[in-house]
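J.: Numbering (the numbering used here), first residue to last: 383 to 448. Just so you know, even glycine gets a beta-carbon here, dropped at the ideal spot from N, CA and C.
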């Protein structure tokens with residue numbers, strides 16, 4: 383296994399945390415995206431690489447236009 387490989391990436395915001403986990407054993411939707419709000423429930427969904435890329439592009443578009 384590559385020493386630089388980290389199956390989980392975490393982004394910490396002021397009031398929430400996003401975890402993105404990658405499972406190389408899954409072929410269709412290997413990414414598990416979890417959103418943890420400090421005062422709300424946890425949401426999670428499985429995504430393909432393309433779906434995760436589209437989500438990132440949408441967030442960038444939204445931030446540029448609002």
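Please say whether residue 392 and residue 401 have beta carbons closer to each other than 8 Å?
T.: Yes, they are a contact pair.
J.: Assuming residue 417 contacts residue 398 under a Cβ cut-off of 8 Å, what Cβ separation, rounded to an integer in Å, is found between them?
T.: So it is a contact: roughly 6 Å between Cβ atoms.
J.: Considering just the uninterrupted stretch of the beta strand (DSSP E) at residue 402, what are its terminal residues?
T.: Looking at the DSSP string, the run of the beta strand (DSSP E) that includes residue 402 is 398 to 404.
J.: Considering Cα atoms alone, identify which of 405, 407 and 420 is closest to residue 394.
T.: Cα-wise, what sits closest to residue 394 is 420.
J.: I'd like to know whether the C-beta atoms of residue 404 and residue 389 end up nearer to each other than 8 Å.
T.: In this structure, residue 389 lies closer than 8 Å to residue 404 by Cβ.
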